[in-house]
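Chemist: In case it helps, the numbering used here puts the sequence shown at residues 13 to 373.
The structure follows.
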Amino acid sequence: MQHPTIVNSPPRARRPEAEPRTRRRRAAGAVAGLATGLMLATTPSAYADTETIDVGSGDSRSTFGVAVSPDGARAYVTLTGDGKVLVIDAASHTVADTIDVGKGVHGVAVSPDSSRVYVTNRGEDTVLVIDAATNKVTDTISVGDMPMKVAVYDTAAGGRAYVVNRDDDSVSVIDTPTNEVVATIGVGDFPTNVAITPNGKFVYVNNQWDDTVSVIDAATNEVTDTIDVGRTPTDVAITPDGAKVLVTSFEDYAVSVIDTASNEVVKTVDAGIDGISLAVSPEDGRAYIVGSFERGVKEFDPGTYEVSNAFVLPNWGYDVAISPDGSHGYFTKDYGGGVTVRDLGGAFGSLGSSGSLAWPS
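Spelled out as structure tokens, the structure:
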């Protein structure tokens, strides 16, 4: 299929120091991670309930992308090495089905009506569409180079899926009724995540090597703003009221808070953790920031800008999704597999007893 020409993409050279910078931030993160990990070990907190869904061991069983269906019935988890999508029953927290999709699968998103699942495949530069009723792949869509994450928005008149393509610095726009790529939008350097405002009007994309966030007008498929944020922005999420965009900065151990009315950073908060990903509860707007080296999760209130210690994970964290009612969090783990399910119950700050979790060795 012939794709439309990339629009809104000014010529630029990739940073020559990109690889050395990556090594530096990993080394810095390891040192900072140790320090933060030691701090958290003294005062870890636990929620009322923790459960691990066993998916086997070994690198091939590492869990990456995770999404919860808007109807709250299922969670979907990608196994990159095995080339599978796990369908988890949200009531029993068990694996209800396994879908073969090919090695290299990464990001996952569910349509607002819970009928379709979209999965990126980095190895094939494609997006697979899964029928949630049958758990069968119904279509495969060619996109850009190294598709990472995907976000979906539907309306009565149709819908769009937005796919960030890391290695060609672009976003593929898919018309969901036809599963055709209708636009390819140039963004910043090394985009990895994407979020759509609740009204579907704007799309926000983090650019890791530009230290920026691109703002896309969904009506025109053009980048209308570029926002400077912290160093190495890794993930982006939007509060349920659409008023704020949250961006984790891996290298700064911080969260940038963007006002969507002005597209300006109104607050930068020290998160105390190397945020590799974050998700916002659809119910109350609380954000959960997942650390990589620390293997911890921090809770963040975008209203008060309060950060609190929440809990630790048994392995390096990678991705997170929150159930529609805000009651449970699903956390994937790099290098080792498994999915940690947490009961997030109660209002912000109502954590369980301090010291009930030990820091993992």
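Note that CB positions come from ideal geometry on N, CA and C, so glycine has one too.
Secondary structure at Arg243, three-state DSSP: helix, strand or coil?
Modeler: The answer is coil: DSSP assigns Arg243 none of H, G, I, E or B.
Chemist: Is the beta carbon of Val120 less than 8 Å from the beta carbon of Val78?
Modeler: The answer is yes: Cβ separation under 8 Å.
Chemist: Can you give the Cα-Cα distance for Leu140 and Val131, rounded to whole angstroms?
Modeler: The straight-line gap from Cα to Cα measures roughly 5 Å.
Chemist: Please determine if the segment 292 to 312 and the segment 246 to 253 are in contact, where contact requires at least 3 C-beta pairs separated by less than 8 Å.
Modeler: Counting Cβ pairs under 8 Å, three or more are found: they touch.
Chemist: From Ala322 to Gly329, what distance separates their C-alpha atoms?
Modeler: Each residue's alpha carbon lies about 14 Å from the other.
Chemist: Verify whether the separation of the beta carbon atoms of Phe76 and Thr92 is less than 8 Å.
Modeler: Yes.
Chemist: Nearest CA to the CA of Ala255: which residue from Glu263, Asn275 and Ser123?
Modeler: Answer by Cα proximity: Asn275.
Chemist: Going by DSSP in three states, Asp179 sits in which element: helix, strand or coil?
Modeler: Of the three classes helix, strand and coil, the one that applies to Asp179 here is helix, per DSSP.
Chemist: Under 8 Å Cβ to Cβ from Gly84, same chain only, skipping five residues before and after it: list those, please.
Modeler: Cβ neighbours of Gly84 beyond the five flanking positions: Ala102, Ser335, Pro336 and Asp337.
Chemist: Counting only the same chain and skipping the five closest in sequence on each side, list residues whose C-beta sits under 7 Å from that of Leu46.
Modeler: Confidence at Leu46 is low in this model, with a pLDDT of 36, below 50, so the placement of that residue should be treated as unreliable; the coordinate-derived value is given next. The answer is none, since no qualifying residue turns up.
Chemist: Which residues in the same chain as Asp222 place their Cβ atom closer than 6 Å to its Cβ, once the five residues preceding and following it in sequence are excluded?
Modeler: So the list reads Gly200 and Asp201, once near-sequence residues are dropped.
Chemist: Using the Cβ count rule (16 or more neighbours within 10 Å means buried), how would you classify Pro203?
Modeler: That one is buried.
Chemist: Relative to the C-alpha of Asn211, which residue among Val353, Arg172 and Ala333 is closest?
Modeler: It is Arg172.
Chemist: Tell me whether Val194 is buried or exposed, calling it buried when 16 or more other Cβ atoms sit within 10 Å of its Cβ.
Modeler: Looking at its Cβ environment, which holds fewer than 16 other Cβ atoms inside 10 Å, Val194 is exposed.
Chemist: Can you name, in chain order, every residue of its own chain whose Cβ lies under 8 Å from the Cβ of Gly116, other than the five neighbours on each side?
Modeler: Answer for Gly116: Thr92, Gly95, Asn133, Arg134, Gly135 and Glu136, listed in chain order.
Chemist: Closest to Ser304 by CA distance: which of Gly315, Leu258 and Ser289 is it?
Modeler: Answer by Cα proximity: Ser289.
Chemist: Check Arg172 in the structure and name its three-state DSSP category.
Modeler: Correct three-state label for Arg172: strand.
Chemist: Mind checking which residues open and close the beta strand (DSSP E) that includes Thr106?
Modeler: Taken as a continuous stretch (DSSP letters only), the beta strand (DSSP E) holding Thr106 covers Thr106 to Asp112.
Chemist: Where DSSP assigns a beta bridge to Arg128, which residues make up the other side?
Modeler: Its beta-bridge partners are Asp143.
Chemist: Pop quiz: Val176 and Val217 are said to be a contact at Cβ under 8 Å. What is the actual Cβ separation, rounded to whole angstroms?
Modeler: At roughly 6 Å, the Cβ-Cβ gap stays under 8 Å, so Val176 and Val217 are in contact.
Chemist: Start and end of the beta strand (DSSP E) containing Thr152?
Modeler: Lys148 to Ser154 is the extent of the beta strand (DSSP E) around Thr152.
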